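Inspection log for the structure reproduced underneath, given as structure tokens.
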Ligand code: SAM
Ligand code: SF4
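Numbering (UniProt numbering), first residue to last: 1 to 381.
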């Protein structure tokens, strides 16, 4: 009997525990790949990919978001205070450690990996991590590798991102008015971001725009943003501001429920709900008049926890099972404690076993404290 151990063939990425054998000699659960038959063994699915991690509420955890740095070249008003104190560099995982950690999750069934931050593209040598993680796309273990970026460095990196296997990116812009953009981001330059988006599109990357809806700040710019995005062929996702971390102001002043926004849009446009999914929490509609897609991320007005497939890792290796809860597991210690992954894998399994049912976000005048003390830039948006 000719048995080829696929594990040994994929030296860079020891994907799933499955064997390929001659067709005639198969019994039991099986599938055919290139004339060969793949028998899933324990811990793998019929395609030979690792079975996903399952949390206590039966949800498969297949999506990992990794904050590769807490630093940023912007200071968006809803995200950071202007005089943020960042982590000392020694606390932050090295690029090699981040690679090892991401790979451990891929081996545990994660199929979508998003690098975020802070601003992922300001981390020194970030492209070496992205290039290295691209091997999981080549092996088929990962369906998608992507980033969320403020776009400031995109002109420089767009082609390389495409070469590494990235096909879609999220770019955050809250306004198309250059002065207002400066006011919202404090340090950002809209022209540079627009150049970055053009470079990304020219490189072949599909761009989705993320816009945080802010009362009195950009609520009247949602329609122009929608029209611009759809003219350019970009999807647009609107996000409700979430109570994460102290900022220099009152979040109640910023909070704009997307239920109100949607009702307003429905007076001008024909919105049709569609089942389109990108692996994240957004619910999508099509806009008949523009022919484009619009997503809503509504953690406050419509909690999406029941279908949550995500966990997040901070740049110091803390695993957060929910963006809106304080419980976390430290993965840096087991990662650094030994070269093998046994300790790390145990810590991951234990943490997934206590993924909570949902978050407790609320924004009102009574609860002035943020729901969680850490900023979005720490856990990664
Ligand atoms: N710097 C990158 C960027 O801005 O796209 C990636 C990190 S940023 C934390 C990720 C996303 O989170 C951005 O779209 C940002 O607008 C959003 N965000 C940050 N703070 C938020 C908050 N308190 N509530 C809702 N969204 C927030
Ligand atoms: Fe930086 Fe993104 Fe936060 Fe803005 S939202 S301060 S760009 S991390």
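Just so it is clear, CB atoms sit at the ideal spot from N, CA and C, and this is done for glycine as well.
Note that the structure is predicted; figures quoted are calculated from it, not measured.
Item	Value
Exposure label - residue 24; buried when at least 16 CB within 10 Å	With a pLDDT of 28 at residue 24, under the threshold of 50, the modelled position of this residue cannot be trusted, and the question is left open.
Cross-strand partners of residue 328 (DSSP beta bridge)	320
Paired residues, beta bridge with residue 238 - DSSP	211 and 296
Cβ-heavy atom distance, residue 83 to ligand 4, below 8 Å	Here the bound small molecules are ligand 1 and ligand 2; ligand 4 is not part of this structure.
Own chain, CB closer than 8 Å to residue 93, minus 5 neighbours either side, in chain order	101, 315, 316, 317, 332 and 335
Touch test, the region 170-181 against the region 135-145, Cβ-Cβ under 8 Å, three pairs minimum	no
Residue 220, buried or exposed, once every other Cβ within 10 Å from all chains shown has been counted against 16	exposed
8 Å contact criterion, which residue 239 and residue 297 should meet: CB distance rounded	4 Å
Nearest-angstrom Cα separation, counted from residue 217 out to residue 127	34 Å
Residue 83 - DSSP class collapsed to helix/strand/coil	coil
With 16 other Cβ atoms within 10 Å as the buried cut-off, status of residue 191	exposed
Distance cut-off 8 Å: residue 73 Cβ against heavy atoms of ligand 2	yes
Classification of residue 342 by the beta-carbon crowding that lies within 10 angstroms, buried from 16 upward	exposed
Burial state of residue 57, where buried means 16 or more other Cβ atoms lie within 10 Å	exposed
Straight-line gap, residue 355 to residue 347 (C-alpha atoms, nearest Å)	13 Å
Sequence-distant residues of the same chain with beta carbon closer than 7 Å to residue 52, five excluded per side	60, 61, 62 and 109
Same chain only: Cβ atoms within 6 Å of residue 123, ignoring 5 sequence neighbours per side	68 and 69
At least three beta-carbon pairs within less than 8 Å, the region 160-170 to the region 128-135	yes
Minimum length 3: unbroken beta strand (DSSP E) runs contained in the region 138-187	144-149 and 168-172
Check: residue 229 C-beta below 8 Å from any heavy atom of ligand 1	no
Where residue 67 falls: helix, strand or coil (DSSP)	strand
Beta-carbon proximity check, residue 227 vs residue 185, cutoff 9 Å	no
Simplified DSSP assignment, three categories, for residue 260	helix
Rounded separation between residue 224 and residue 307 - CA only	31 Å
Touch test, the region 281-288 against the region 318-328, Cβ-Cβ under 8 Å, three pairs minimum	no
Neighbour-count burial assignment, residue 275, 16 or more Cβ in a 10 Å radius	exposed
Length of the line joining the Cα atoms of residue 88 and residue 266	47 Å
Endpoints, beta strand (DSSP E) assigned at residue 195	No beta strand (DSSP E) holds residue 195; the alpha helix (DSSP H) holding it covers 190-203.
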